[in-house]
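Before any comments, here is the structure.
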């Protein structure tokens, strides 16, 4: 059964008051209003969230959301795929409709993180990795730095080319009213910022964020009852890589990105050249070129050239992260994959305001761990 | 697409050494061996687990499992619906196959709890409830006691009738080599045990447990390649009730049980009289008669008579919890709903040893919170 997305919404990302449950309700309510669809029509309600129990001591947030949005007796469930929880929610929401289990599925992704010390959230996120790496203090930011060092050495990628990713994504976010950082930066801002993991600095990394985003899914034939124009899920697939990163023969190959992309392209019957806009998982700057390569948008070792040459800018041949990406829109773990697809929804329907690009087909890639599990989604405008 | 279950396995339940990840791998490996299916055939791998992060400080357990069982590049995801996480996993595994997203889905549910103080696990489980109730100290066991008191007052249910549920389930567990308590008890054992929440005592409640259980799902047409006889998922549905229990007009109605049951029966085209065996969520003794009533097996207020009259015994007209139930098999949160369906799998295929009942069709009901979200599954033997 073909699956449509007929609504999208998100909260402001950043340092937010309130608890996870309030953030989820804010985005969920806005999404139902966006369609518009009444809560009584919702049959499944998925919450994409990695760690409300660890970070807030609050579990059962999916049942709370169903209650708060008056969705009863809708089925409720929480979905976790670490930093790719949002896209895991997209995948589950798709399956719920495609299987016939639900004719109207609300997906709300969110995370509340800024009330905790950064060291605590860093430790939580590090616990997604294999204990043999965790015990040595290899956090996700550290994996990013090692990958950047290897990438620069293997392919003569200039240090500045990584900074250009952050510069572009900050620029894009100045056009996104939901973004955490709506400020321009330049390459010097990145290179002069505090060292985090040599050679990467503060502005190579996404921030710690609060926020929530939501999407509404239904069968394509039902979508026409609500709207003339909607977005169709043309492909969606997920794949794992080794849980021990150092066991990978080529740590720069991002094999789960490649595998999930190939499966999604096969499902859609598309190829990379068909994509007009992409939202990639730039948790750390080097991940954007690595994903461009693994997804087939760039040759191996050449992904870094895209930002330098402006090909991934808003007016480039393949705009990447028009939303500002994780770097500048922010990265509330469970919200990110949902916000990526929400951005594509707005871009494909022409509702992206001053960051609007020309696009009929889009791709979102959400990365769990350091590529330990990755979900790629392909969307197109329909109606 | 019709969905089959072609393998099942579980670990011993109880006070186990090792961590969640080892328990999950033990059950998952045994399930693949049971089919037998090689890991390379698995396309989706779901882990049903409520709280590995909270209880062990270990997240990303689904990616670890995919790695440990050599399932790469299978997609991996964690599913949480509090104490009904296992059945949420069953629902997702069903949807993954029915939607065409996966042709072979491994579901492994598990929880490691006994290494923590009981007060800590009780607090974690209490955090599934609404804060307005949590703040007053209304834990799930306390909800059980209030429901028991109301049930006894409204329907003249004898106190002993609730104890009979525990007695029956302990007896059944003496025939289940995986069960946590393989010991007979009698009504006096229950009534003389330490008071927990007046009027309920220690033996009215399920224990704190470690353990894991696993199931393997594929399309019915693929099942015949592996086995002559398998189990078909005839119906599966989930529903929420109010997140604030005290807002329910009738707290004994278990409306999410009733709703999920009605939806599952409608999907299967069955009615309660078609069911030969049931696994119900006896976290506390009174929940078994309340579920019998909400699912249409007993009239309102008469569910307590079933255990007293022996109708739910192994040789009764509707054997309930032949496995020993949560009470005596044990209740490792994420494992329970998977173990319920594994028990039905063995019963329907005639592989249940000395606890075997005569059954072609079975029902499993897994309850999250105090009925805050409930999933009911209907299975039948096929081939």
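Residue numbers (this note's numbering), protein chains in the order written: chain S, 1395 to 1777; chain H, 1395 to 1777. In this text, a Cβ means the ideal position worked out from N, Cα and C, and glycines have one as well. Here the structure is a predicted model, which means the values were calculated and not measured.
Exposed or buried, residue i, counting other C-beta atoms within 10 Å across all chains shown (16 or more means buried)?
| i | result |
| --- | --- |
| residue 1724 of chain S | buried |
| residue 1512 of chain H | exposed |
| residue 1704 of chain S | exposed |
| residue 1675 of chain H | buried |
| residue 1777 of chain S | exposed |
| residue 1471 of chain S | buried |
| residue 1438 of chain S | buried |
| residue 1634 of chain H | buried |
| residue 1667 of chain H | exposed |
| residue 1752 of chain H | exposed |
| residue 1643 of chain H | exposed |
| residue 1654 of chain H | buried |
| residue 1552 of chain S | exposed |
| residue 1770 of chain H | buried |
| residue 1412 of chain H | exposed |
| residue 1615 of chain S | exposed |
Enumerate in chain order the residues of its own chain whose CB-to-CB distance from residue i is below 7 Å, with the five nearest sequence positions on each side excluded.
| i | result |
| --- | --- |
| residue 1596 of chain H | 1587, 1588 and 1590 |
| residue 1560 of chain S | 1579, 1584, 1597, 1598, 1679 and 1721 |
| residue 1494 of chain S | 1395 |
| residue 1339 of chain H | A question about residue 1339 of chain H goes unanswered here, because the residues of chain H that appear run from 1395 up to 1777. |
| residue 1756 of chain S | 1669, 1670, 1671, 1672, 1738, 1741, 1742 and 1773 |
| residue 1435 of chain S | 1498 |
| residue 1728 of chain S | 1442, 1443, 1444, 1479, 1480, 1503, 1504 and 1505 |
| residue 1824 of chain H | The structure shown does not extend to residue 1824 of chain H, since chain H spans only 1395 to 1777, so no value can be given for it. |
| residue 1422 of chain H | 1459, 1463, 1500, 1502 and 1608 |
| residue 1602 of chain S | 1507, 1508, 1512 and 1515 |
Might you give, ordered along the chain, the residues of its own chain that have their beta carbon closer than 8 Å to the beta carbon of residue i, omitting 5 neighbours on each side?
| i | result |
| --- | --- |
| residue 1524 of chain H | 1637, 1638 and 1639 |
| residue 1466 of chain H | 1460 |
| residue 1736 of chain S | 1402, 1403, 1404, 1607, 1608 and 1609 |
| residue 1425 of chain S | 1401, 1402, 1403, 1500, 1502, 1608, 1609 and 1610 |
Kindly indicate the opening and closing residues of the beta strand (DSSP E) around residue i.
| i | result |
| --- | --- |
| residue 1673 of chain S | 1671-1673 |
| residue 1400 of chain H | 1397-1404 |
| residue 1504 of chain H | 1499-1505 |
Per DSSP, what are the beta-bridge partners of residue i in this structure?
| i | result |
| --- | --- |
| residue 1771 of chain H | H:1630 and H:1758 |
| residue 1591 of chain H | H:1594 |
| residue 1471 of chain S | S:1440 |
| residue 1683 of chain S | Its beta-bridge partners do not exist; DSSP assigns none. |
| residue 1606 of chain S | S:1504 |
| residue 1717 of chain H | Note: residue 1717 of chain H sits in no beta bridge, so no partner. |
| residue 1477 of chain S | S:1475 |
| residue 1678 of chain S | S:1599 |
| residue 1611 of chain H | H:1399 and H:1499 |
| residue 1617 of chain H | DSSP, once it has assigned bridges, lists no residue as partnering residue 1617 of chain H. |
| residue 1581 of chain H | Residue 1581 of chain H pairs with nothing; no bridge assigned. |
| residue 1408 of chain S | S:1604 |
| residue 1776 of chain H | H:1624 |
I need the boundaries of the alpha helix (DSSP H) containing residue i, first residue and last residue.
| i | result |
| --- | --- |
| residue 1457 of chain S | 1455-1462 |
| residue 1422 of chain S | 1414-1428 |
| residue 1749 of chain S | Per DSSP, residue 1749 of chain S belongs to no alpha helix (DSSP H) and is neither H nor E. |
| residue 1535 of chain H | 1534-1549 |
| residue 1654 of chain S | 1649-1662 |
| residue 1446 of chain H | 1446-1450 |
| residue 1586 of chain S | Segment: none, residue 1586 of chain S is in no alpha helix (DSSP H) and carries neither H nor E. |
| residue 1434 of chain S | No alpha helix (DSSP H) contains residue 1434 of chain S, which DSSP labels as neither H nor E. |
Here's a check: name, in chain order, each residue in its chain whose Cβ is nearer than 6 Å to the Cβ of residue i, leaving out the five neighbours to either side.
| i | result |
| --- | --- |
| residue 1429 of chain H | 1400, 1401, 1610 and 1620 |
| residue 1549 of chain H | 1695 |
| residue 1462 of chain S | 1419 |
| residue 1711 of chain H | 1705 |
| residue 1617 of chain H | 1398, 1400 and 1624 |
| residue 1440 of chain H | 1471, 1473, 1483, 1486, 1487 and 1501 |
| residue 1629 of chain S | 1658, 1661, 1662 and 1772 |
With 8 Å as the threshold, decide whether the Cβ of residue i is near any Cβ in chain A.
| i | result |
| --- | --- |
| residue 1640 of chain S | Of the protein chains in the structure, S and H, none is chain A. |
Measuring CB atoms only, is the region 1751-1762 of chain S touching the region 1591-1609 of chain S, in the sense that at least three cross pairs come out at less than 8 Å? no
Count the CB pairs spanning the region 1693-1700 of chain S and the region 1732-1744 of chain S that are closer than 8 Å, and state whether there are at least three. no
Taking 8 Å as the cut-off, does the region 1478-1497 of chain H touch the region 1487-1497 of chain S (at least 3 CB pairs, one atom from each stretch)? yes
Can at least three beta-carbon pairs, one atom from the region 1447-1457 of chain S and one from the region 1547-1560 of chain H, be found at a separation below 8 Å? no
If you pair each beta-carbon of the region 1524-1539 of chain S with each one of the region 1682-1694 of chain H, do three or more pairs fall below 8 Å? no
Flag this pair as touching only if the region 1512-1522 of chain S and the region 1533-1546 of chain S have three or more C-beta atom pairs under 8 Å; answer yes or no. yes
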